[in-house]
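For the record, in the sequence shown the residue sitting at position 27 is 27 according to the UniProt record's numbering, with numbers rising by one throughout.
Reviewing the structure listed below.
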Amino acid sequence: MTYIVNDACIECKYTDCVEVCPVDCFYEGENMLVIHPDECIDCGVCEPECPADAIRPDTEPDMEKWVEFNRKYSEMWPVIISKKDPMPNAEERDGEEGKMKYFSENPGEGG
1 MTYIVNDACI ECKYTDCVEV CPVDCFYEGE NMLVIHPDEC IDCGVCEPEC PADAIRPDTE
61 PDMEKWVEFN RKYSEMWPVI ISKKDPMPNA EERDGEEGKM KYFSENPGEG G
């Protein structure tokens, strides 16, 4: 099992999760985070830290596409280990459906 980040993170990018991760497996895009599925040790400490409920175990139905999505972008984006401010419109976008329309493939700053 591994954990993944889904589209609920897009345009929110809360980073509470990165501070508790013992193996630094989060990677930062311009407007979301992902988890490298091969680096995740399945400890689950990140899941309850996410205010947007964007972190899910891959054992839930239809998670295969998110595992591959997380793998792809974790290999392109920089690692993030420090908490940062969320996106400026995070409160407004939190819980919004269909957030893939906002997704950016651009890397974040990492750090």
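Glycine included, every Cβ here is placed at the ideal spot set by N, Cα and C.
- Assignment of beta-bridge partners to residue 57 by DSSP yields 3.
- Bridge pairing for residue 28: 33 [DSSP].
- A distance below 8 Å between beta-carbons, with the five flanking residues on each side excluded, links residue 16 to the following residues of its chain, in chain order: 49, 50, 51, 83.
- The beta-carbon separation of residue 20 and residue 46, rounded to 6 Å, stays under the 8 Å limit for a contact.
- The three-state secondary structure of residue 45, taken from DSSP, is coil.
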